[in-house]
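Quick notes on the structure that follows.
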Amino acid sequence: MAHADEYHVHRAKILTPSFYVLLFFALLGFFFIGIRFVKGIGAVTNLSDGYPWGIWIVYDVATSTALACGGYAMAIIIYIMNRMTYHPLIRSALVTSLFGYMLAGLSVMVDIGRYFNAYSFFIPSRWQPNSVMFEVAVCVMAYNVVLMLELLPAILERFISSTNPKLKTFKKIAVKIYPVLDKALIFIIVLGITLPTMHQSSLGSMLIIAKSKVNPIWHTEFLPLLFVINALYIGYAVVIFESFSSSMAFNRPFESEVQRLSRVIPYITLVWLCIRFYDLFSRDQLGAAFAGDYPSMMFLAEMMLISGGSFILTWKQFRSSPRMLFISAVLLVIGGAWYRFNVYLIGFTPHGNWSYFPSLPEFFITLGLVAFEILGYMVLVKLFPIMPKLHTKKA
Amino acid sequence: MKKTRRDFLKSAAVGSAFLATPFSLHAQDLKANDEAVGMLYDSTLCVGCKACVTRCKQVNDMAAVDAPNDGDRIWDSPVDLDYRTRNIIKLYKEDEKYFAYVKHQCMHCIKPACVSACPVSAMQKEDERGIVFYDKNKCIGCRYCQVACAFNIPKFEWPESYPKIVKCDLCKFTNLKLKNEPACCETCPTGAVIYGKRKDLLAEAKNRLVASPAKYTGEIYGEHEVGGTNVLYLAGTSFQNLGFAELEHESAAMMSEHIQHTLYKGFIAPVALYGFLALVALKNRKSAHQVEEQKKVATEIVEKVEKDGEES
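Protein chains in written order, with my numbering: chain A, 3 to 397; chain B, -16 to 295.
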């Protein structure tokens, strides 16, 4: 399993201008988080008893965990479909997954009102297995640990290869743990496929209980299946997106593996679209979906983005153009995220006169956490062997 | 390679089979416990005096809601349920001649969605009496109960730094405990809201419908909605006019639990998925090793041949 030679540390300056820009937004976000903890959730958000969940849940948890499914999607293709050629891509995908899921965890702690009671999840007498939220919470916590374990080899390799005498004890420990971890890693990796399958589907199940409030265009018993497939194609699209943007940002050549990877996406979206339309048809909601009113327009936008992005990828000449690949990945990521927003927010209409649009502090807290996440990614790839080694060959 | 693809397809089939288990949902008939207690509110008897609102606040120690023009904070003037108001009387005015009052508070569902949703058992339903109540010491404040409730009943203390969920618990810890009756029912001067066992209240409601059919719409709200509620309503105008949503008779909480239990019963499906994936991954690792070995041998041979070529 040792593929240590596939990755390298991206040697570059850490304190770049973009570092400071991101730091600014992260600090701004943390400033508003401070206000939220002193003055309460009502002081910084536009949330209400009708819309108890805003962008902190809909974006930071329900959507950003899907954007963080790159590690999940890549693990499936590499270890289950046995395409070892993609192996060099997995570490950077895992890092984004870890940061995405940590962002979700952090946002949850900001969002929940009685965060000081969060230890309830560790008290068996309080467990409530009927609750979809319980499954999601436990599963996401476990997955965070799994992601850290999956990335541990990168950290250990850094210590093993270090010649700094100050890190000598670390080096000794790393040399001892590494072979053990290397052997056990496959079981952790498989857990890293099982857990997202579970909680990504449960993120869909979450809204089943709110049947009377969710528009029938989106409320269906297939929500768990739709969400897990949605997470998959978002995952692959994000890997493409990330590979393209890091090749731009870090001045690296575009990874050729990504072009071949893009072929799988249309198959997955096709399955998803078939289920989606079969479900609408079987529940007699096709009329509502194409009625032309506001929910219908949002549905159509979701469909256009997802099918448009996939359609591009069915053409070989487009797949070989990094620009078109990037465009289709962006369309798919936005479309997939759009679907999740539709389920959680656009299609969510509680009885009575309620409305919701996020407040500025809500935006800034989300923005700050995302900035923090990108910041962490940029620093980590410059400290540890995460990025795929360049195919410079002997030129 | 081909073989592994087939393996993948198989595993995918297993995975999707367990995710898409046909959810044949015949909402099991929910039946209220014979001992379940609740309230019957008759809109045609209510005179809108709001004595129940005041009494509820006194008994349960709830804060007053300021009126916009009342700088001295003399009145309590709630306009709707919120974190300071568990119980409210509202007016529906059709025209100059016809109007009706309506009381809103927790419906105490037979299958409460808030209880089903709560991840840490902070929302609970009493086994015997069916009262749905809240424990702030367990609550993490995730507000999933608010999302889940079809009646929008649980309210959140938005302005507080340490907020709680607030909802009617039939005075479980106050008036019901002391006087065997919720404060609103004890106070009501016209008997518009009465307390009792659900089965008795339902019988009473049906009697009233038979005795004076002209007075009522003929429906009992809460008899079947979302699987039935322990609080029942009679009215002289449609329940939609009084601010109630038209709700299905099936319980969405049952549907959600059914799906969740199908997927996670005994944890068999996740364990099976894990086992299958582990098998495939281990097999792949083995074949990857073989490929690597072969490659190594091949490159060694090539190198040797090149070396020989150079030498000669």
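Think of the CB as a built atom: it goes at the ideal place given N, C-alpha and C, for glycine as much as any other residue.
In the DSSP assignment, residue 115 of chain A falls outside any beta strand (DSSP E), carrying neither H nor E. Three or more beta-carbon pairs separated by less than 8 Å are not found between the segment 208 to 227 of chain A and the segment 149 to 169 of chain A, which leaves the two stretches without contact.
Counting other Cβ atoms within 10 Å of its Cβ, residue 347 of chain A reaches 16 or more and is therefore classed as buried. Within the segment 118 to 132 of chain A, contact with chain B at the beta-carbon level (separation under 7 Å) is assigned to 119, 120, 122, 123, 128, 130, 132.
Judged by DSSP in its simplified three-state form, residue 201 of chain A adopts helix.
Proximity to residue 31 of chain B across B:196, B:205, B:173, B:107 peaks at B:173, based on C-alpha coordinates. For residue 97 of chain A and residue 39 of chain A, the gap between their C-alpha atoms comes out near 29 Å. Residue range 318 to 321 is occupied by the alpha helix (DSSP H) that includes residue 319 of chain A. Judged by DSSP secondary structure, residue 329 of chain A falls within the alpha helix (DSSP H) whose first and last residues are 324 to 343. In the DSSP assignment, residue 214 of chain B falls within the beta strand (DSSP E) that extends over 214 to 217.
Around the CB of residue 151 of chain B, 16 or more other CB atoms lie within 10 Å, so the residue is classed as buried. For residue 87 of chain A, not one C-beta of chain B is nearer than 8 Å to its own C-beta. Bridge partners of residue 173 of chain B according to DSSP: none are assigned. Counting along the chain, the unbroken alpha helix (DSSP H) around residue 229 of chain A starts and ends at 225 to 251. By the Cβ-count criterion, residue 126 of chain B is buried, with 16 or more other Cβ atoms from all chains shown falling within 10 Å of its own Cβ. With respect to the 8 Å criterion, residue 246 of chain A and residue 328 of chain A are classified as neighbours on the basis of their beta carbons. With respect to the 8 Å criterion, residue 202 of chain A and residue 331 of chain A are not classified as neighbours on the basis of their beta carbons.
With a beta-carbon spacing of about 5 Å, residue 268 of chain A and residue 315 of chain A fall inside the 8 Å limit used to define contacts. For residue 83 of chain B, the three-state secondary structure derived from DSSP is strand. Taking the C-beta atoms as reference points, residue 66 of chain A is found no nearer than 8 Å to residue 95 of chain A.
Counting C-beta atoms within 10 angstroms of its own C-beta, residue 272 of chain B has fewer than 16 neighbours from the protein chains shown and is therefore classed as exposed. Here the C-alpha atom of residue 75 of chain B lies approximately 49 Å from the C-alpha atom of residue 104 of chain A.
Chain order gives no chain B residues near residue 62 of chain A, where near means a beta carbon separation below 8 Å; the closest approach is about 14 Å. Ranked by Cα distance from residue 156 of chain B, the first of B:147, B:166, B:148 is B:166.
Residue state for residue 241 of chain B is assigned as helix, using DSSP reduced to three classes. Taking the Cα of residue 233 of chain B as reference, the smallest distance to any Cα among B:34, B:82, B:92 is reached at B:92.
For a cut-off of 8 Å, the C-beta gap from residue 11 of chain A to residue 382 of chain A is around 10 Å, too long to register as a contact. Contact of residue 122 of chain B with chain A by beta-carbon distance below 7 Å involves 116, 119.
When the beta-carbon positions are compared, residue 42 of chain A and residue 144 of chain B come within less than 8 Å of each other.
Closest in alpha carbon position to residue 113 of chain B, among B:67, B:98, B:251, B:238, is B:98. The C-beta of residue 74 of chain B comes no closer than 8 Å to any C-beta of chain A.
Using a C-beta cut-off of 8 Å, the segment 72 to 86 of chain B makes no contact with the segment 119 to 137 of chain B, since fewer than three inter-stretch Cβ pairs fall below that distance. With its beta carbon at least 8 Å from every one in chain B, residue 57 of chain A lies outside the interface. The DSSP-derived three-state label of residue 149 of chain A is helix. Residue 356 of chain A and residue 45 of chain A have their C-alpha atoms some 18 Å from each other. Closer than 9 Å at the C-beta level to chain B, one finds these residues of the segment 349 to 362 of chain A: 350, 352, 353, 354, 356.
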